[in-house]
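*Asks:* Just so we're on the same page, the numbering used here is the position in the sequence shown counted from 1, plus 88.
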Amino acid sequence: MSFLPHIDTRDELADLLRIPLKKLTHLLYVEGVDNLYRSFDIPKKSGGERHINAPTDELKGIQRKLADALWEHQADIWRNKNIKPNISHAFEQGKSIITNAKIHKNKRYVLNMDLENFFDTFHFGRVRGFFEKNNNFKLPIEMATVIAQLACYQGCLPQGAPSSPIITNLICQILDNRLLKIAKSYKLDYSRYADDITFSTNNKEFIAQSPIFIEELTKEIERAGFKINNKKTKLQYRDSRQEVTGLVVNKKISVDRRYYKATRAMAHSLYSTGSFEIDGEVGTTNQLEGRFSFLNQIERHNNKTDRKDHHSGNLNAREEQYRKFLFYKYFFMNDKPLIVTEGKTDIAYIKAALKNLYADYPDLISKVGPSEFTFKVTFLRRTQRLRYFFGLGLDGADTIKRIYYFYRGVYENGNKHPNYAEYFERISGVQSKNPTIFLFDNEISNKEKPLSKFLTAIRIKDNHKADLQKNLYINITGNLYLLTNPIPDTCKEAEIEDLFDDSTRAHVIAGKKFSPDGSFDNSLYYGKEIFSKYIFGNYETIDFSGFKPLLDSLNTIAKEYGKEHSPI
Numbered sequence: 089m090s091f092l093p094h095i096d097t098r099d100e101l102a103d104l105l106r107i108p109l110k111k112l113t114h115l116l117y118v119e120g121v122d123n124l125y126r127s128f129d130i131p132k133k134s135g136g137e138r139h140i141n142a143p144t145d146e147l148k149g150i151q152r153k154l155a156d157a158l159w160e161h162q163a164d165i166w167r168n169k170n171i172k173p174n175i176s177h178a179f180e181q182g183k184s185i186i187t188n189a190k191i192h193k194n195k196r197y198v199l200n201m202d203l204e205n206f207f208d209t210f211h212f213g214r215v216r217g218f219f220e221k222n223n224n225f226k227l228p229i230e231m232a233t234v235i236a237q238l239a240c241y242q243g244c245l246p247q248g249a250p251s252s253p254i255i256t257n258l259i260c261q262i263l264d265n266r267l268l269k270i271a272k273s274y275k276l277d278y279s280r281y282a283d284d285i286t287f288s289t290n291n292k293e294f295i296a297q298s299p300i301f302i303e304e305l306t307k308e309i310e311r312a313g314f315k316i317n318n319k320k321t322k323l324q325y326r327d328s329r330q331e332v333t334g335l336v337v338n339k340k341i342s343v344d345r346r347y348y349k350a351t352r353a354m355a356h357s358l359y360s361t362g363s364f365e366i367d368g369e370v371g372t373t374n375q376l377e378g379r380f381s382f383l384n385q386i387e388r389h390n391n392k393t394d395r396k397d398h399h400s401g402n403l404n405a406r407e408e409q410y411r412k413f414l415f416y417k418y419f420f421m422n423d424k425p426l427i428v429t430e431g432k433t434d435i436a437y438i439k440a441a442l443k444n445l446y447a448d449y450p451d452l453i454s455k456v457g458p459s460e461f462t463f464k465v466t467f468l469r470r471t472q473r474l475r476y477f478f479g480l481g482l483d484g485a486d487t488i489k490r491i492y493y494f495y496r497g498v499y500e501n502g503n504k505h506p507n508y509a510e511y512f513e514r515i516s517g518v519q520s521k522n523p524t525i526f527l528f529d530n531e532i533s534n535k536e537k538p539l540s541k542f543l544t545a546i547r548i549k550d551n552h553k554a555d556l557q558k559n560l561y562i563n564i565t566g567n568l569y570l571l572t573n574p575i576p577d578t579c580k581e582a583e584i585e586d587l588f589d590d591s592t593r594a595h596v597i598a599g600k601k602f603s604p605d606g607s608f609d610n611s612l613y614y615g616k617e618i619f620s621k622y623i624f625g626n627y628e629t630i631d632f633s634g635f636k637p638l639l640d641s642l643n644t645i646a647k648e649y650g651k652e653h654s655p656i
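1) Going by the CB atoms, is the gap between S620 and A355 shorter than 8 Å?
2) For K601, which residues in the same chain have their Cβ closer than 6 Å to its Cβ, ignoring the five residues on either side in sequence?
3) In whole angstroms, give me the CA-to-CA distance for L203 and L104.
4) Who are Y348's beta bridge partners in DSSP?
5) Buried or exposed: which applies to Y325, given that a residue is buried once 16 or more other Cβ atoms fall within 10 Å of its Cβ?
6) Where does C579 land, buried or exposed, given buried means 16+ other C-beta within 10 angstroms?
7) Using alpha carbons as the reference points, say which of I191, C240, M231, P228 lies closest to D208.
8) Closest to R352 by CA distance: which of V337, R379, N291 is it?
9) Taking the alpha carbon of N338 as the reference point, which residue from D145, V198, R475, G213 has its own alpha carbon closest?
10) Is the separation between the beta-carbon of N257 and that of F179 shorter than 8 Å?
11) Between Q261, K322, D99, which lies nearest to S288 when the distance is taken from Cα to Cα?
12) Would you decide whether N404 is buried or exposed? Buried here means 16 or more other CB atoms lie within 10 Å of its CB.
13) Taking the beta carbon of Y418 as the centre, do at least 16 other beta carbons fall within 10 Å, making it buried, or is it exposed?
14) Expressed to the nearest angstrom, what Euclidean distance is found between the alpha-carbon atoms of E430 and E146?
15) Determine the direct distance from the alpha carbon of F210 to that of C244, and round the result to whole angstroms.
16) Pull up the DSSP beta-bridge partners for E100, would you.
17) Use the C-beta contact count for G248: other C-beta atoms within 10 angstroms, 16 or more gives buried, fewer gives exposed.
18) What do you get for A232, buried or exposed, if any count of 16 or more other CB atoms within 10 angstroms of its CB means buried?
19) In terms of DSSP beta bridges, what is F526 paired with?
20) In chain order, what residues of the same chain have a beta carbon less than 8 Å from the beta carbon of D663, not counting five sequence neighbours either side?
21) For K340 and K193, which I take to be in contact (beta-carbon distance under 8 Å), what is that distance rounded to the nearest angstrom?
22) Buried or exposed for Y117, going by 16 or more other Cβ atoms inside 10 Å?
23) Determine the contact status of I488 and F542, defining contact as a CB-CB distance below 8 Å.
24) Would L571 and L480 be called neighbours here (beta carbons separated by less than 8 Å)?
25) Starting from Y492, follow the alpha helix (DSSP H) in both directions and report where the run begins and ends.
26) Would you check if the distance between the CB atom of I150 and the CB atom of L238 is smaller than 8 Å?
27) What residue ranges within the stretch 268 to 317 form continuous beta strand (DSSP E) runs of no fewer than 3 residues, ordered along the chain?
28) Sort out for me which residues DSSP pairs E369 with in a bridge.
29) Quick one: give me the first and last residue of the alpha helix (DSSP H) that V518 is part of.
30) Return the residue from the list G517, G502, K537, I584 that minimises the CA-CA distance to G362.
31) So, are the CB atoms of K443 and Y622 less than 8 Å apart?
32) Keeping to the same chain, check which residues put their C-beta closer than 7 Å to that of F546; ignore five residues upstream and five downstream.
33) Since Q151 sits in a beta bridge, which residues does DSSP pair it with?
34) Nearest to I255 by alpha carbon, out of A296, Q297, F212?
35) So which of K455, I548, L426 has the shortest CA-CA distance to I532?
36) What is the DSSP secondary structure of P538, counted as helix, strand or coil?
Put into structure tokens, the structure is as follows:
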């Protein structure tokens, strides 16, 4: 079993949450948990708004640790009892609205029901009573009280707190098991996604049995402290469109075509006018990305597509629409200057240098606290999504040119990439808000190195190559720039690590010296990843003077582009 049931004192709970007891006490009884929330509304996919109460970062961090411990405890229980959960699909790892809908695919009848005011039913006393009395916990009442205090806001579990999902699932397990037992007696399949409960069957006799079933079900749900929202109870037949948690389940898992067409229309409005609406309200790019991501999730499920594969040259129509949007958001109309680096260690170096030299570069970074900074540039994270849609590798510079291909409509392996930059400028009549900057090591003289290969791929002219060597940057096209680091006097070419002074590069860690070469003896040397962590963790004491020419050029690009392309 997990260690959670053995928490008998506040000291033990504070240790579990990895915070000092004094801090826990201050948060509960001086600051007050109810004072550590902000409230706002978000639009629902189905229309209307959902009210969210979100904790501050400090409280959220504590709640996340509590949630992690509860998830671990639940997993231990399932392992020990050899339980394979298949009822709750919300918030569970490996579960989703897709796994929930899949259970009810291709059925004669589908019955949807909704639990009214779901989160509000998990009031303070109910949460505390669960942790005090449930056989899997049996916590002292004082510890159950503290957990309820940390998890509740104004007497109930709030939507927006990371601890709410696991607690709702834990409390609902008894109800789920009872509803499953009733469902089986009527030859029904049952699943729950938060407050949405669904039953389905191919049993022809269910229509005649349904009134008795619903009556029996209602009594059990009300006995468990919940209430059915009768307005949302719906029995769906095979010859009509059957939906489960927003997904069509008649023959295969799919989305109503109207949702896809509306999403595509929103994107077109964004590209052509700079804005779009969702349910009569001005939408955000994050909301639109959520819609595209949702559609793509269904697409991958039906086509069994592995996101790790590179399919950027062979996408279907819906995937191409999603890729176009991703280019618009991340490369064309990016909110901040975007830096695309050869590797992740480069990001650590530049962030550390900016934090050290923040006073010299107010257009690139701001200090907002003793050790807190706000970056006014952003760095491209090579997520699985971007790797799939643009063919980006996890590391290395060779794949950077694939982003360039979408700026110029270049052919690759017989496939012509769309010229997204030209399309967006033509349809909107405006240019990008901020630059996108490719950052390479300055190894221009070596034809086997990434920078030289990239310059060959884009067919750079000699005069532009000379400008790059002189200024460290050039404008390739539109908002796309190429930036490289300076070459120290002692070098003919330079990686970014060469910008550190000799004493920094000679730093010994665990008796080992730094080697930028990937093929080193692990017993004698450490590599770039460990070196970058050392640099980032000690940015206040590192000499970053060698980075100034690089940061000066970056600063110039950001400022000059901002002036030239600032909206009127």
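Using N, Cα and C, we set each Cβ at its ideal position, and we do this for glycine too.
*Replies:* Working from what's here:
1) no
2) Y613
3) 33 Å
4) None, per the DSSP bridge assignment.
5) exposed
6) exposed
7) C240
8) R379
9) V198
10) yes
11) K322
12) exposed
13) buried
14) 34 Å
15) 6 Å
16) E100 is not bridged to any residue.
17) buried
18) buried
19) V428, L570
20) Given a span of 89 to 656 for the chain in the structure shown, any question on residue 663 remains unanswerable.
21) 7 Å
22) exposed
23) yes
24) no
25) 488 to 496
26) yes
27) 277 to 281, 284 to 289
28) I366
29) Careful: V518 lies outside any alpha helix (DSSP H) and carries neither H nor E.
30) G517
31) no
32) The displayed chain sequence assigns Ile, not Phe, to residue 546. Y492, I564.
33) DSSP output for Q151 lists no bridge partner at all.
34) F212
35) I548
36) helix
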